[in-house]
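Sequence order for the protein chains is A and B.
One gets my numbering by counting positions in the first sequence from 1 and adding 6 to each.
One gets my numbering by counting positions in the second sequence from 1 and adding 42 to each.
Contents: one structure, followed by commentary.
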Amino acid sequence: MSSPYQIVVGLEVHVQLLTQSKLFCGCSTKFGASPNSQVCPVCLGMPGVLPVMNRKAFDLSLRAALALNLNIASFTKWDRKNYYYPDLPKNFQISQYDLPFSYEGFLEINAASDPKKEYKPKRIGIIRAHLEEDAGKNMHDESGKGGDSKVDLNRTGTPLLEIVSKPELSSPEEAKAYLDEIRLMLREIGVSDCEMQEGSLRCDANVNIHIQHEGELAATPLVEVKNLNSFGSVAKSIAYEAERQYAEFQKDPKNYRIGNFSKTTAGWNDAKGVTVVQRHKEEAADYRYFPEPDLVPVVVSKEEIEAARAAMGELPSQQRKRLQESPFSLSAYDAGVLSAKGRRMVSYYEEVAKEIGDGKQVMNRLSDLVMGTLNERKEEIDQFPITAPKFTDFMKATAKVNQQDRRDVFKHMLENQSDAATAMTALGIKSAADFDEGALRQAVKDAIAANPAALEDFKKGKTAAANRIKGHVMKTQKGAPNDVVQKLLDEELLKA
Amino acid sequence: MDIDQVKKVAKLGRLDLTDAELGVMATQLSAILGYVDQLQELNTDNVEPMAHPLPVQNVFRADELRPSLPVGEVLKNAPSRLGDFFAVPAILDAADDASH
C-alpha cells in the first residue's frame with residue numbers, strides 16, 4: 007500500500023422514516039410546507055402535553071433494523087437528551103440511550119477499488135440503530151450584520167432512525183459505498199426516501215487515521231465531520247480530513263494522539279473543499295440523559311419481528327446473490343448494477359430473462375438499450391413504453407441482427423410506440439428467420455466482386471479491409487445475422 | 043456540592059445566579075442530595091432497574107394526520123418573530139446546527 011496511513015471511519019446516519027405524521031403527534035411530516043405551519047402543542051413542547059408513539063414509525067424502524075441484520079431488543083425505552091438550542095423547543099430531544107431497540111448488526115457493501123468495474127463484498131459492523139425525534143431548522147442571517155436567526159419548527163418531532171456504524175470503513179470510497187447501499191436498501195424496503203437535499207438522509211463522519219510510526223501503530227485524535235450535504239462531500243471530507251490529520255501528526259508525532267484529545271467537531275465547507283475544526287469545547291457535552299416519563303416502554307414480540315421481516319421483502323444483498331445463481335447466472339458485478347436500479351428493474355429483467363433464457367445477454371441488452379434510455383428520458387421502468395413482453399419480443403426478433411440495426415429498431419419502437427416486427431418492416435431490416443444462407447452467400451460474393459480494391463488490400467495482409475466488404479454486405483442485407491455473414495465472408499475470401 | 047458544581051449545573055440549566063444565590067444553592071442542593079443518598083443504604087442487588095413507574099407497555103397511536111395550529115396561534119407567545127418564523131438572537135456557532 008502506498009499511503010503512509012490507514013483511514014478509519016465510522017458513520018452516523020440519520021434517516022427520516024416514511025410516515026404521514028410525526029413521531030409523537032398528528033402533524034404532517036411533509037417537506038417544503040410554509041414555516042411553522044405543521045406544528046401543534048405537542049411538537050412545540052407546550053407544558054402539559056403528552057407524546058404518543060406513532061405505530062408506523064416503530065414498525066418501519068423494526069423493518070430497517072432487521073434489514074441491517076441487527077438484534078432486536080425485547081424491551082426498549084426512550085430517554086430525554088437535554089440541551090439548549092433554539093431549534094429544540096422542549097430543551098430536550100426524545101431519543102434512546104441505554105436500551106436502544108436494536109444492536110449489533112452489519113451491512114454488506116461493495117468495497118471494490120473501482121466499484122464501476124467489479125463487486126467485492128465487505129461487511130461493515132453496525133453498533134446500533136435507534137428511534138428518535140428530529141429538531142427544527144434554524145436559518146441564519148447571512149448579511150454579516152448579526153441579525154436574528156429564524157426558526158422553523160415544522161421538522162420538530164419528525165421520526166428519525168439513527169444508524170451508527172462501527173469504525174470499519176477504510177476509505178472515502180467505502181464510506182460512499184456504505185451510504186449507497188443504505189439508501190438503496192431503505193428505499194427498496196419502503197423505510198425512507200433518503201433524499202439528502204430534503205434532509206431525509208443526513209450523515210456525520212467520525213474520522214481518524216492509523217500510522218505506522220517508529221515500530222508502533224499510532225492513532226490520531228477523533229474528529230467528527232458535520233454539515234455533509236452529499237455522498238460526494240462525505241467522501242471528499244474524509245479524504246481531506248485524513249490528509250489534514252496526517253500533516254498534524256507529522257508536526258507533533260508524540261502528542262497528536264487519540265488519548266490526548268477529546269473528540270472535536272469539524273464542519274465541512276463544500277465550496278472551499280475543507281474541514282473547519284471548531285475550537286475545543288472546555289467541557290464535553292453533558293446531555294443528562296434520563297428516562298422519558300411521558301412514554302411507556304415497548305416490548306417487542308416474536309410475531310411482530312416476523313411480521314416486520316415479512317414486510318421487508320427481498321433485500322438488495324439477497325437479490326444480488328439470487329441473480330448470480332441459475333437461471334440468471336449473472337456476474338457479481340452485473341448483479342450489483344441491476345440490483346442498484348431497484349426492485350422494479352429487477353422484475354422487468356426477470357420477466358425477460360425467464361423467456362429468453364440467456365440471463366447475461368438480457369443484462370447486456372438492458373444496459374445497452376434500456377438503462378441509458380431511462381436516464382435520458384428521466385423515466386422509471388414501470389412507465390417505460392417498451393414493456394417487458396415487448397422487450398422479450400424485440401430480443402427474439404433481433405437475436406441475429408447486428409448492434410447498429412438493433413439499436414435502430416429499439417429507437418423506432420420507442421419513437422413510434424410500435425412493436426419489434428413493425429419497426430423492422432419499417433426500417434427494412436429482416437429478422438434472422440428471413441435469411442437463407444444461399445442468398446446471403448451470393449450477397450457476400452457480389453460484395454467481394456464489387457470491391458476489388460478491398461480484396462487487393464486484404465490479400466496484401468490488411469485484414470481490416472474485410473470490414474469494408476462486410477459493410478457492403480450489411481448495406482444490402484439489413485438485419486442479416488452478423489456471425490453468419492462473418493463466417494460466409496471468411497470462407498469466400500479464402501476462395502477469392 | 044461545591045460552588046463549581048453549582049455553577050456548572052446552573053450553566054447547563056441556563057440560570058444566571060448571583061454569588062449569594064450560588065452559595066444558597068450549594069447548601070440546599072447538598073441537603074437534597076444527602077437526603078436522596080439514603081437510598082444507597084438499600085441493597086438493590088436483586089432489584090430490576092425500573093424504566094417507568096407505571097406497569098404499562100406498548101402504547102401507540104395510528105399514523106394519522108391531525109390538524110396543526112394556525113401559524114398565528116403558533117407564534118402568539120413568541121417573544122419575537124420574523125414573518126412566520128420565530129426570531130432568536132443570532133446563533134454564532136452555526137455548525138452546532140448539525141444533529142446532536
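Even glycine gets a Cβ: it sits at the ideal position worked out from N, Cα and C.
A:Leu167 is the residue among A:Asn214, A:Glu249, A:Lys402 and A:Leu167 whose C-alpha sits nearest the C-alpha of His20 (chain A).
Ala277 (chain A) carries a coil assignment under DSSP once its states are collapsed to helix, strand and coil. Residue pairing from DSSP places Ile130 (chain A) in a beta bridge opposite A:Leu113. The secondary-structure analysis by DSSP pairs Arg103 (chain B) across a beta bridge with A:Asn60. When DSSP reads this structure, Ile169 (chain A) sits in a beta bridge with A:Val19 and A:Ala135. Secondary-structure assignment with DSSP links Pro297 (chain A) through a beta bridge to A:Asp85.
By the neighbour-count criterion, in which a residue is buried when 16 or more other Cβ atoms sit within 10 angstroms of its Cβ, Gln409 (chain A) is exposed. As DSSP reads the structure, Asp210 (chain A) sits in a beta bridge with A:Glu18.
Taking a 10 Å sphere around the C-beta of Phe296 (chain A), we find fewer than 16 other C-beta atoms and assign the residue as exposed.
In this structure, the alpha-carbon of Pro91 (chain B) lies about 31 angstroms from that of Leu50 (chain A). As the crow flies, the alpha-carbon of Ala117 (chain A) is around 7 angstroms from that of Ala183 (chain A).
Under the three-state reduction of DSSP output, Asn77 (chain A) falls in the strand class.
Approximately 6 angstroms separates the beta-carbon atoms of Gly273 (chain A) and Lys232 (chain A); this is inside 8 angstroms, confirming the contact. Between Asn160 (chain A) and Val45 (chain A), the C-beta spacing is below 8 angstroms.
Pairing Ile45 (chain B) with Ala68 (chain B), the inter-Cα distance amounts to about 6 angstroms. Residue burial annotation: Tyr246 (chain A) is buried, with at least 16 other C-beta atoms found within 10 angstroms of its C-beta. Per DSSP, reduced to three states, the secondary structure at Phe128 (chain B) is strand. Using a Cβ distance threshold of 8 angstroms, Ala132 (chain B) and Ser155 (chain A) count as a contacting pair.
Straight-line measurement puts the Cα of Val51 (chain B) at about 20 angstroms from the Cα of Pro95 (chain A). The DSSP-derived three-state label of Ile188 (chain A) is helix. Shortest Cα-Cα distance from Lys366 (chain A) to any of A:Val240, A:Phe334 and A:Asn97 involves A:Phe334. In the DSSP assignment, Gln102 (chain A) falls outside any beta strand (DSSP E) and carries neither an H nor an E. Secondary structure at Thr404 (chain A): coil, using DSSP grouped into helix, strand and coil. Counting along the chain, Leu329 (chain A) sits inside no beta strand (DSSP E); it lies in the alpha helix (DSSP H) bounded by residues Pro322 to Gln330. Proximity of Gly363 (chain A) to chain B, defined by a Cβ-Cβ separation below 8 angstroms, is not satisfied. Between Arg69 (chain A) and Ile195 (chain A), the C-beta spacing is below 8 angstroms. By the Cβ criterion, the segment 264-271 of chain A is in contact with the segment 214-232 of chain A, since at least three pairs of Cβ atoms, one from each stretch, lie closer than 8 angstroms. For Asp489 (chain A), same chain residues with a beta-carbon under 8 angstroms away, outside a window of 5 residues either side, are Lys406 in chain order. In the three-state reduction of the DSSP assignment, Met67 (chain B) falls in the helix class.
Within chain A, Gln26, Ser27, Gly32, Cys33 and Ser34 have C-beta atoms less than 8 angstroms from the C-beta of Leu107 (chain B), given in sequence order. In the DSSP assignment, Glu222 (chain A) is bridged to A:His219. Think of a sphere of 7 angstroms around the beta carbon of Ile133 (chain B): the chain A residues whose beta carbon falls inside it are Pro92, Asn144, His146 and Ser155, in chain order. Excluding residues up to 5 positions away in sequence, Ile130 and Gly131 lie with their Cβ nearer than 7 angstroms to the Cβ of Glu174 (chain A) in the same chain. Rounded to whole angstroms, the separation of the alpha carbons of Asp93 (chain A) and Ala141 (chain A) is 6 angstroms. Listed by position along chain A, the residues whose Cβ is nearer than 8 angstroms to that of Asp46 (chain B) form an empty set, because the closest Cβ is around 11 angstroms away.
Note that the C-beta distance between Ile435 (chain A) and Asn457 (chain A) is not below 8 angstroms.
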